[in-house]
Amino acid sequence: MFLCWLQETAEKLEIPWYPVIATASWYTLSCMKGPDMKREGFFQLNTSEKINLAVPGLEFSRSSDFPSDVLELEDFFTCHSQRLAKACAILVNTAEELDAPTGGLNGLRLQVEKMAMAMAGHRQVPRVFAVGPMVSIPGFSSVPQSKLTPLQGFNDHTFECLQWLDKQPTSSVLYIAFGSVIEISSEETVELAYALEITNVKFLWVLKASSSTPLSKLLPPGFEARTKKRGFTTSWAPQTQILMHASIAGFMTHCGWNSILEGLCSGVSFIAWPLANDEQQNARFLVDVVKVGLEIKNAGEDNSQIKRQELGRVIQLLMYEKEGQEAKRNSLRMKKLVEAAVRDGGSSYQALHSFLYEITVGK
């Protein structure tokens with residue numbers, strides 16, 4: 005979505021442009037619809053209102069989930085949306101079956117058609133292909149499994165986290181990671197550490213550190229010593245290998261779309277802790293639509309700090325109670341659904357081959 009300036013470059017070079025959308029369909033739809041919705045007064049109500057959006061493809065989400073960056077950068081997203089509508093075709097990293105309960109793809113297709121047809125010198129409306137999940141996980145990639153473990157170049161501690169997982173019981177570990185860009189606050193890091201102690205859960209926690217700030221300085225005094233028999237902290241970890249590991253039961257995540265796809269393809273349940281942009285909508289999808297996870301109350305809201313009691317409550321439910329068992333069953337069901345989509349004859353398989361036919365043989 006954010007590389008739509010390439011459309012002008014492709015136009016100058018007189019070559020076709022096929023953007024690949026790495027986010028969910030509903031975020032791209034929000035980017036395209038948001039500026040008009042704002043101009044029409046759709047958000048005159050405070051965006052903190054927890055009412056569902058009456059917009060095709062976004063009905064599953066709430067006004068409070070709407071990406072704030074779209075509303076704050078209205079001109080930017082208007083320009084990028086117009087460029088996107090000039091694409092020759094659009095590829096989206098999702099599967100028809102995964103997206104169907106939200107209607108996001110259908111809403112996106114309607115919006116692309118509307119914008120393309122409204123342009124002067126209107127050309128053919130670009131087709132929208134759902135070709136995902138595009139993840140480096142066996143069964144979802146043409147790359148052999150032996151090629152999916154490129155751990156060379158990382159220190160021994162990287163390998164150690166996998167060795168530690170090998171020693172844990174099946175479905176016993178909570179994996180915690182918040183992506184590579186945004187991190188929870190230092191105060192919330194401490195609260196999460198205490199919640200892990202309170203619940204007595206086994207955990208593997210990817211906690212970003214720097215050369216000037218080691219992991220031990222980010223955590224409460226004595227935390228690592230008190231939890232060393234059931235916990236492992238590291239500054240980096242091979243996420244797809246961890247999610248596929250038999251010892252992993254749940255995934256506490258910031259709800260980035262790639263992390264969600266990797267988790268769904270691995271059949272794990274989720275604790276949703278959205279931090280910014282599209283992550284609130286993604287969390288709503290996990291919790292309310294496909295019901296594969298539990299949400300942390302007030303996560304992602306302005307000026308809210310998550311406390312250990314709330315974190316402990318959600319960890320307890322996911323790891324030990326029937327709510328977590330139900331989320332796990334639903335996630336395994338979703339895994340089968342997306343596995344079928346990428347297999348020979350599946351919806352994503354057919355969409356990709358249809359796209360390849362279009363660009364090689366012709367329309």
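All you need for this note's numbering is the position in the sequence shown, starting with 1, plus 4.
Using N, Cα and C, we set each Cβ at its ideal position, and we do this for glycine too.
| Check | Outcome |
| --- | --- |
| Do residue 292 and residue 71 have their C-beta atoms closer together than 8 Å? | no |
| Would you mind giving the Cβ-Cβ distance between residue 94 and residue 141, rounded to the nearest angstrom? I have them listed as a contact below 8 Å. | No, residue 94 and residue 141 are not in contact; Cβ-Cβ is about 24 Å, not under 8 Å. |
| Report yes if the C-beta distance between residue 106 and residue 61 is below 8 Å; otherwise report no. | yes |
| For residue 38, which of 366, 267, 108 and 78 has the nearest alpha-carbon? | 78 |
| Which residues share a DSSP beta bridge with residue 261? | Answer is none; residue 261 lacks a bridge partner. |
| Which whole runs of the alpha helix (DSSP H) in the region 90-118 are 4 residues long or more, in chain order? | 100-103 |
| Can you have a look at residue 113 and say buried or exposed, based on whether 16 or more other CB atoms are within 10 angstroms of its CB? | buried |
| Measure the beta-carbon distance from residue 322 to residue 316 and round it to whole angstroms, keeping in mind my assumption that it falls under 8 Å. | The Cβ separation is near 11 Å, so there is no contact. |
| Report yes if the CB atom of residue 262 is closer than 8 Å to the CB atom of residue 294, and no otherwise. | no |
| Taking all protein chains shown into account, decide if residue 179 is buried (16 or more other Cβ within 10 angstroms of its Cβ) or exposed. | buried |
| Quick check: what's the CA-CA separation for residue 158 versus residue 166? | With a pLDDT of 41 at residue 158, under the threshold of 50, the predicted position of this residue should be treated as unreliable, and no value is reported. |
| Under the rule that 16 or more other beta-carbon atoms within 10 Å means buried, what is residue 87, buried or exposed? | buried |
| State the DSSP-derived secondary structure class of residue 190, mapped to helix, strand or coil. | helix |
| Quick one: grab the DSSP three-state call for residue 61. | coil |
| Taking residue 194 as the reference, which of 301, 269 and 310 has the closest Cα? | 310 |
| By the DSSP assignment, the beta strand (DSSP E) with residue 18 in it spans what residues? | Taken as a continuous stretch (DSSP letters only), residue 18 belongs to no beta strand (DSSP E), as it is neither H nor E. |
| When the Cα of residue 246 is compared with those of 174, 297 and 131, which residue comes out closest? | 174 |
| Work out the CA separation of residue 242 and residue 154 for me, nearest whole Å. | Because residue 154 carries a pLDDT of 46, less than 50, the predicted location of this residue cannot be relied on, and no value is offered for it. |
| Near residue 31, which residues of its chain fall below 7 Å by C-beta distance, leaving aside the five closest residues on each side in sequence? | 71, 282 and 285 |
| Closer than 8 Å by C-beta to residue 160: which residues in its own chain qualify, once you throw out the five before and the five after it? Chain order, please. | Below a pLDDT of 50, predicted positions are generally treated as unreliable, and residue 160, at 46, falls in that range; the measurement from the model is reported next regardless. If we look at residue 160 and ignore the five residues flanking it on each side, it has no Cβ neighbours. |
| Residue 364: buried (16+ other C-beta within 10 angstroms of its C-beta) or exposed? | exposed |
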